[in-house]
Ligand code: ADP
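In my numbering, the protein residues as written are 51 to 713.
Take a look at the structure:
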């Protein structure tokens with residue numbers, strides 16, 4: 051029960067680790083996924099921070115620039131106001147204007163022109179020229195200048211709107227001249243908007259931002275840009291007034307140069323994380339394959355173990371040095387030792403029987419030398435309790451997975467029971483042979499009596515003759531000697547017959563001794579001749595060629611021949627007298643001696659032939675049916691064969707072959 055359930059449990063057991071590893075792998079996958087998501091989030095946050103920072107810097111920069119431009123313009127305005135004041139106070143205003151105007155224009159490139167206009171709106175002086183800036187006066191141009199001149203009378207500097215002239219955008223500043231509380235004129239400065247940006251915006255600002263000045267409609271009036279940089283959407287605008295009313299100063303940040311490196315690094319990080327994720331996935335596949343292989347291996351192992359445990363054949367492995375490396379449960383049961391008592395043991399083994407130590411050691415050595423008999427060998431082994439058992443051992447080389455021999459694997463079968471059964475069968479067979487012999491003897495008793503009768507009668511008559519001679523005294527010693535000699539011959543003949551009968555009936559072990567088959571045949575014929583005569587059968591003997599002697603049990607072979615001859619004689623009893631001929635032929639065929647017992651009876655029908663050699667088969671009313679089966683086992687005991695053939699001339703031929711030269 052336990053053994054059969056083992057493979058089933060072994061199949062179920064490995065499922066647990068498989069489930070566990072799936073779970074573990076899922077967690078790992080989740081962790082890597084999370085890591086990837088966090089990484090992306092971190093990059094996004096960094097990017098956002100950076101944008102925020104950039105934006106804050108942008109705002110600060112733009113505000114600073116706006117302020118700085120305004121300061122600058124305010125500075126100009128103050129300079130012009132100072133000039134206006136000085137002009138009203140000096141006696142020689144013209145040289146002063148020229149001097150100061152030149153100075154101011156020289157130091158402020160964005161100021162293109164400075165004009166001195168009197169209260170009536172006429173130009174008093176101008177630098178570099180006295181012409182009013184409107185080269186092509188338009189309907190609005192005059193309006194604007196007159197309006198500005200009007201406004202400036204109120205006492206404060208006034209800025210005009212920005213306007214385009216010859217592709218350049220400019221605006222003006224009007225500063226009033228007052229003396230004695232009366233408006234005496236105006237100082238007019240013409241600014242170039244592009245000049246203002248060009249000269250007043252520092253280089254680093256232009257490096258970072260695209261700077262534009264827009265009018266109220268969003269049209270670009272002036273700009274300062276670095277042509278090879280691409281702008282981003284990061285923009286900030288502040289109103290830039292005065293000078294021009296409704297103007298805005300707008301800065302757009304350029305894409306930072308180091309952004310490319312950052313993008314590259316983040317892309318690489320994402321690619322790396324994806325690669326890690328992918329490799330994890332691949333590893334998962336290989337781990338699962340390994341687990342499946344391991345599971346298959348475990349079931350295979352459990353199955354083999356169960357098979358091994360259920361084996362009735364003992365298995366014992368030895369390494370090349372002869373040490374025991376493995377013994378299966380069947381072998382341990384057989385010898386009664388525990389596994390740890392045998393593993394690692396070197397010869398002599400504790401289960402070797404002392405009386406067979408030498409032979410066992412010899413066999414052991416020949417196995418290690420690779421000369422183990424293929425058909426296995428029988429050996430007597432000893433259990434731990436000292437009892438003995440017979441074992442049949444087969445040895446085979448033990449080959450490892452690299453194809454190298456690592457030792458020897460022996461399978462051991464306990465053949466004690468089989469040997470006992472064989473012994474029993476042999477004894478029974480012997481008893482049967484004796485019985486069969488007795489039966490044969492019984493059948494031949496009358497013949498023997500008749501046979502014995504002849505010498506006895508002859509002895510009686512010779513004795514009577516001698517007595518007569520002695521009583522009459524009419525005799526010569528030679529005559530008496532001759533009669534006594536004949537008497538002795540007859541007595542010997544009677545004795546011979548009796549000894550033969552005795553030999554035949556006596557129970558004895560099979561004794562193999564060199565014997566001449568021709569003599570065996572003659573003896574057998576001598577035995578049965580009487581019976582044959584009484585049935586009117588003639589026996590012919592044909593002995594051919596050489597007569598090599600064979601190691602055989604003479605009495606057993608006689609028994610076989612007698613049985614075959616008796617069967618032949620019986621088979622011909624119904625035949626016409628001229629056919630009642632039994633031939634016994636001895637010849638040598640190659641390495642075998644062949645005896646043929648040929649009769650001319652009715653032959654053997656096929657259905658009888660099939661069962662001919664099975665014990666207890668007989669077609670005769672008083673037959674025992676033991677004869678032929680015993681005959682075959684006797685011949686096989688002599689390593690020969692016995693079979694039947696049909697006689698072409700009618701009847702059957704029983705053929706015995708016996709090998710020559712076998713000990
Ligand atoms: P049994 O002689 O006691 O019947 P055997 O084993 O000697 O037992 O023979 C078995 C049977 O084989 C015989 O009954 C007979 O039918 C058949 N048999 C044997 N020898 C011959 C033969 N020479 N011719 C015909 N039949 C035979």
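Glycine included, every Cβ here is placed at the ideal spot set by N, Cα and C.
Closest Cα partner of residue i within the set the options
{"i": "residue 718", "options": "412, 402 and 455", "result": "Because the chain in this structure spans residues 51 to 713, residue 718 falls outside the shown range and cannot be described."}
{"i": "residue 515", "options": "533, 583 and 503", "result": "533"}
{"i": "residue 511", "options": "525, 488 and 541", "result": "541"}
{"i": "residue 639", "options": "596, 432 and 429", "result": "596"}
{"i": "residue 283", "options": "270, 302 and 128", "result": "302"}
{"i": "residue 212", "options": "258, 251, 200 and 298", "result": "298"}
{"i": "residue 536", "options": "247, 706, 505 and 442", "result": "505"}
{"i": "residue 28", "options": "657, 75 and 630", "result": "The chain is shown from 51 up to 713; residue 28 falls before or after that span and cannot be answered."}
{"i": "residue 686", "options": "452, 672 and 602", "result": "602"}
{"i": "residue 570", "options": "229, 696, 153 and 636", "result": "636"}
{"i": "residue 566", "options": "552, 106, 544 and 594", "result": "594"}
{"i": "residue 381", "options": "433, 340 and 342", "result": "433"}
{"i": "residue 266", "options": "248, 200 and 300", "result": "300"}
{"i": "residue 182", "options": "145, 236 and 232", "result": "236"}
{"i": "residue 632", "options": "101, 649, 391 and 645", "result": "649"}
{"i": "residue 170", "options": "200, 156 and 324", "result": "200"}
{"i": "residue 679", "options": "667, 590 and 689", "result": "667"}
{"i": "residue 229", "options": "137, 523, 290 and 520", "result": "137"}
{"i": "residue 274", "options": "605, 249 and 615", "result": "249"}
{"i": "residue 669", "options": "141, 72 and 621", "result": "621"}
{"i": "residue 256", "options": "143, 196, 115 and 155", "result": "115"}
{"i": "residue 233", "options": "203, 507 and 604", "result": "203"}
Per-residue DSSP class, three states only, for residue i
{"i": "residue 669", "result": "coil"}
{"i": "residue 142", "result": "coil"}
{"i": "residue 57", "result": "Note that residue 57 scores a pLDDT of 38, beneath 50, so its modelled location is shaky and nothing firm can be said."}
{"i": "residue 422", "result": "coil"}
{"i": "residue 174", "result": "strand"}
{"i": "residue 432", "result": "strand"}
{"i": "residue 189", "result": "With a pLDDT of 49 at residue 189, under the threshold of 50, the predicted position of this residue should be treated as unreliable, and no value is reported."}
{"i": "residue 317", "result": "helix"}
{"i": "residue 650", "result": "coil"}
{"i": "residue 514", "result": "helix"}
{"i": "residue 438", "result": "strand"}
{"i": "residue 401", "result": "coil"}
{"i": "residue 353", "result": "helix"}
{"i": "residue 605", "result": "helix"}
{"i": "residue 365", "result": "strand"}
{"i": "residue 460", "result": "strand"}
{"i": "residue 451", "result": "coil"}
{"i": "residue 290", "result": "coil"}
{"i": "residue 264", "result": "strand"}
{"i": "residue 204", "result": "coil"}
{"i": "residue 699", "result": "coil"}
{"i": "residue 283", "result": "strand"}
Start and end residues, alpha helix (DSSP H) containing residue i
{"i": "residue 256", "result": "253–258"}
{"i": "residue 683", "result": "677–687"}
{"i": "residue 626", "result": "From DSSP, residue 626 is part of no alpha helix (DSSP H); its letter is neither H nor E."}
{"i": "residue 384", "result": "379–385"}
{"i": "residue 573", "result": "567–584"}
{"i": "residue 250", "result": "243–250"}
{"i": "residue 561", "result": "Counting along the chain, residue 561 falls outside any alpha helix (DSSP H), and DSSP gives it neither H nor E."}
{"i": "residue 392", "result": "389–392"}
{"i": "residue 709", "result": "From DSSP, residue 709 is part of no alpha helix (DSSP H) but of the beta strand (DSSP E) over 702–709."}
{"i": "residue 656", "result": "656–661"}
Start-to-end residues for the beta strand (DSSP E) that takes in residue i
{"i": "residue 601", "result": "600–602"}
{"i": "residue 226", "result": "218–229"}
{"i": "residue 640", "result": "That residue, residue 640, is in no beta strand (DSSP E); it is neither H nor E in DSSP."}
{"i": "residue 168", "result": "161–168"}
{"i": "residue 270", "result": "270–274"}
query = If you pair each beta-carbon of the region 396–411 with each one of the region 367–374, do three or more pairs fall below 8 Å?
reply = yes
query = Is the number of C-beta pairs between the region 577–586 and the region 616–636 that are closer than 8 Å three or more?
reply = yes
request  = Could you tell me whether the region 101–120 touches the region 165–180, using the rule of 3 or more Cβ pairs below 8 Å?
outcome  = no
ask   = Between the region 420–434 and the region 328–347, do three or more beta carbon pairs fall short of 8 Å?
value = no
ask   = Can you find at least 3 beta carbon pairs, one from the region 125–136 and one from the region 243–255, that sit closer than 8 Å?
value = no
ask   = Given 8 Å as the limit, is there contact between the region 139–150 and the region 254–263, that is, 3 or more CB pairs closer than that?
value = no
task = Evaluate the contact criterion for the region 79–98 versus the region 312–329: three or more CB pairs, one atom per stretch, below 8 Å.
result = yes
Segment contact flag, the region 448–456 with the region 356–370, C-beta cutoff 8 Å, min 3 pairs = yes
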